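Heads up: the structure comes next, in structure tokens.
Number of protein chains: 2
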Amino acid sequence: MKRITIKEIAQQAGVSVGTVDRVLHKRGEVAEKTKLLVLKIAKEGNYQTNVFARNLKLNKTYHLAILLPEDNEYWKTQRKGIEDAASEYESLGVQLQFYTFDRSNRDSFLEQSNLAIESKPDGVILAPIITDEAEQICAQLKRGDIPYVFVDSNLKSAEPLAFIGQDTFQSGYLAAKLLNIGFDNGHQAVITIYTDFDSLNKTIDERISGFKKFYLEQGWPLSLISELKIPSGFEIKEVKEWTINNGRLHLFIPNSRTHQIVKRLESTQYEGLTRIIGYDKIQLNVDVLKDNKVDFIINQNPYRQGYLGVQALYKHLIIKGEVAPLQYMPLDILTKENVEFAN
Amino acid sequence: MKRITIKEIAQQAGVSVGTVDRVLHKRGEVAEKTKLLVLKIAKEGNYQTNVFARNLKLNKTYHLAILLPEDNEYWKTQRKGIEDAASEYESLGVQLQFYTFDRSNRDSFLEQSNLAIESKPDGVILAPIITDEAEQICAQLKRGDIPYVFVDSNLKSAEPLAFIGQDTFQSGYLAAKLLNIGFDNGHQAVITIYTDFDSLNKTIDERISGFKKFYLEQGWPLSLISELKIPSGFEIKEVKEWTINNGRLHLFIPNSRTHQIVKRLESTQYEGLTRIIGYDKIQLNVDVLKDNKVDFIINQNPYRQGYLGVQALYKHLIIKGEVAPLQYMPLDILTKENVEFAN
DNA sequence: GCTTTTGCCGTGTACGTTAACGGAACTGTT
DNA sequence: AACAGTTCCGTTAACGTACACGGCAAAAGC
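These protein sequence lines map, in sequence, to chains A and B. Residues 34 to 376 in the working numbering are what the first sequence lists, from first letter to last. Residues 34 to 376 in the working numbering are what the second sequence lists, from first letter to last.
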């Protein structure tokens, strides 16, 4: 299907390209009658603006502000995806500006957000993990008509251009299932929680809720599930006590510190049979996975999240096309056997 | 980092844009001395051709020939990914032309391939599942300087612009692992093979090899593994005989017909305990997965394969950027719990 | 010496869109 | 009738690249 140009529209309508342009851009100053005529011809002629011509003319560089933490490999991978996407789109005028905040510090988030906003970006990618403050910031962005994309966590009320991340509740549900494959009866499980770290985190809560839901649905008593609260500088002596009845233990680690727990189990020379599941394909977790010390890792595809974040803004800003508002990452199950092929 | 334009290069070199253009396009007719000067300035000025300007000028539509089978949902999903990608890139001049062949018929492949080549496409996406003929075709494409991308299966010798698909061997290995989770000793397994269908298929062979490798590595006797050859219009009476010793059976279905096998098991009222794994997230398999009649499905991400195939050619033809030659799909493990989030 | 060939280079136009600018035609006011 | 204000529209110059075309000089040919 061939596409018509504004010049052709102008010819057919008996007006000039300037008029056609005013109609198509809703810049006013055109008689209702001619406006309708132009629109009619445009529609019939399958008019779509030529992306190349538009961007050549505008000759704009698109500044994307990236508002993320950087404290671990998960976030670094997320950044890597963003950088790779940006370098692909570099020739199309996409440029990045990173603003890094400390996710245990609300003020640092606000400070960096304000810096980002002051830079008057064309689009923003952010992880709204500090919810209240993120809502404030998004309200500001909305007022300034700056599109923003969420990665990692969602904040439905803030109505982002797109959310890119995982269904955390369901991932916990899946974790419970995987821990119980091959066992017909409900099994004892321990959830490890870092008191100084996970307690502020909605994501962790949702994973745990999903985990419990599985036990409920199976008709297993929730008393099977214990929560091990771990303060900073922890010891896992308590693990032994929880496994006396049958010597087998299920460990659900709802954050990315699986490797730490495993190391601790080793140092306390725990010998009961265990099945362990954790989150995030960071190198230390991959190591323990390959060593058969962890059975499953659920991957959040941080690289892809970052990549898709940039792509969403690219589509919105440059192509001016539709963007899927909800882009759920798959609930990737990683084992020793397939971890090499995960991204 | 700002980018220089050919006009600026021309100015600095004291020549005209025409000369700069001749240098950059290696069209000759320019003195060695000025050529070197121009290249030097271009390099120092970080020259990159403006994608918008180039494509506006060229005003080309890029015709991609898609050479795939269409006999089942797997291939249809693959096509869907291709179509979606193409519609995203439509405004950039990407157009598709489908050529559908019957994968059990060499001649139909050759016929469609030749049609595709005669259409003088700018790029080709194909599944080289009929290996010998595919090599012929690729040789022709190479002679015509037409870039081609492989999806689904690879053919290393043909040196495609990119291969996009799964490591089939490793996927079989993974399947064996998943079937044996929770069992410390080697377990009896049955592999189902469609004699009229799978026998020509290299992919199936590799999956089975990978499956066996797992047993070997565990030190389990290969005699545990039986192969059930299924002719057209099959009956699965034999299944019962293979499970008398302990009543538990592992089923490995190395193709996408898992749902058929399950239906047969039901109709023969087989009551032994089974764990079943198959391939491909087609609706019928999703149904039996959700019904708890199948434990795992390994997904090949056909949608993503198709999407990435178009993207690879887009990058090569329009952006003129680098394309990763080996793009392995993750070995996606699907269960009842996460199948909704797979793509 | 002249013409012809060759090597090298500049000019000009077009691709489709955008938006500033200016101007014609019309309306309303004094 | 003169003027200002409003509404509507056309003209034009970019944006950076690609390439056809023509042209000038030096080298080659007779």
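Glycine is no exception: its CB is placed at the ideal position from the N, C-alpha and C atoms. Keep in mind the model is a prediction, meaning the values are calculated, not measured.
For B/TYR206 and B/ALA222, what's the separation of their Cα atoms in angstroms? 13 Å
Out of B/PRO358, B/GLU192, B/ALA357 and B/ASN376, state which residue places its alpha-carbon closest to the alpha-carbon of B/LEU364. B/ASN376
Simplified DSSP assignment, three categories, for B/GLN81: coil
Look up A/ARG308 in the DSSP assignment and give the residues it is bridged to. A/HIS283
Rounded separation between A/ASP200 and B/GLN169 - CA only: 46 Å
Out of curiosity, what's the CA-to-CA distance linking B/ASN187 and A/TYR248? 43 Å
Comparing the C-beta of B/ILE214 with each C-beta of chain A, is any distance below 9 Å? yes
Please determine, among A/LYS314, A/MET362, A/LEU341 and A/THR368, the residue with the shortest C-alpha to C-alpha distance to A/GLN203. A/MET362
For A/ILE277 and A/ALA209, what's the separation of their Cα atoms in angstroms? Reliability of the predicted coordinates at A/ILE277 is poor, the pLDDT of 43 falling under 50, and the value obtained from them is presented with this limitation in mind. Using only the alpha carbons, I get a separation of about 21 Å.
Alpha carbon to alpha carbon, what distance is there between A/PHE285 and A/GLN293? 13 Å
Chain B contact for A/ASP200 (CB, 9 Å cutoff): yes
Expressed to the nearest angstrom, what Euclidean distance is found between the alpha-carbon atoms of B/ASN138 and B/ALA167? 13 Å
Chain A contacts made by the region 279-299 of chain B, where a contact means CB separation under 9 Å: none
Of all the residues that make up the region 351-373 of chain A, which are near chain B by a beta-carbon distance shorter than 8 Å? ILE352, GLY354, TYR361, MET362, PRO363, LEU364, ASP365, ILE366, THR368, LYS369, GLU370, ASN371 and GLU373
What is the residue span of the alpha helix (DSSP H) that B/VAL50 lies within? 50-57
For A/HIS96, three-class secondary structure by DSSP: strand
My assumption, with CB atoms under 8 Å, is that B/ILE310 sits in contact with B/ASP328. Please give the rounded CB distance. 6 Å
So, does the CB of A/PHE244 fall closer than 9 Å to a CB anywhere in chain B? no
Near-chain B residues of the region 59-81 of chain A (beta-carbon distance less than 9 Å), N- to C-terminal order: GLN81
Report the residue ranges of all beta strand (DSSP E) runs contained in full by the region 199-240 of chain A; include only those spanning at least 3 residues, in chain order. 222-227
By the three-class DSSP mapping on this structure, what secondary structure does B/ILE37 have? coil
Using a threshold of 9 Å, state whether the C-beta atoms of B/ALA118 and B/GLN344 are closer than that. yes
I'd like to know whether the C-beta atoms of B/GLY126 and B/ASN88 end up nearer to each other than 9 Å. yes
Which chain A residues are close to B/GLU121, counting only those with a beta carbon under 8 Å from its beta carbon? LYS348, ILE352 and GLY354
Pick out whichever of B/LEU101, B/ILE37, B/PRO193 and B/THR94 has its Cα sitting closest to the Cα of B/VAL71. B/ILE37
If you measure beta-carbon to beta-carbon, which residues of the region 84-96 of chain B are closer than 7 Å to chain A? VAL84, PHE85, ALA86, ASN88 and LEU89
Count Cβ pairs between the region 170-183 of chain B and the region 104-113 of chain B that sit closer than 8 Å; are there 3 or more? no
When the Cα atoms are used, what is the spatial distance from A/ASN371 to A/LEU322? 11 Å
Would the beta-carbon of B/PRO193 fall within 9 Å of that of B/PRO335? no
Does the beta carbon of B/GLN251 sit closer than 9 Å to a beta carbon anywhere in chain A? no
Enumerate in chain order the residues of its own chain whose CB-to-CB distance from A/LYS63 is below 7 Å, with the five nearest sequence positions on each side excluded. Per the sequence shown, the amino acid found at residue 63 of chain A is Val instead of Lys. Around A/VAL63: THR52, ARG55 and VAL56.
According to the Cβ coordinates, are A/PHE142 and A/ILE163 closer than 9 Å? yes
What do you get for B/PHE183, buried or exposed, if any count of 16 or more other CB atoms within 10 angstroms of its CB means buried? buried
With a CB to CB cut of under 6 Å and the five nearest residues on each side skipped, what residues in its chain are close to A/ASP185? ALA160 and GLY198
Could you list the residues in the region 122-151 of chain B with a C-beta less than 7 Å from some C-beta on chain A, going in chain order? SER124 and LEU125
Alpha carbon to alpha carbon, what distance is there between B/ARG308 and A/LYS369? 20 Å
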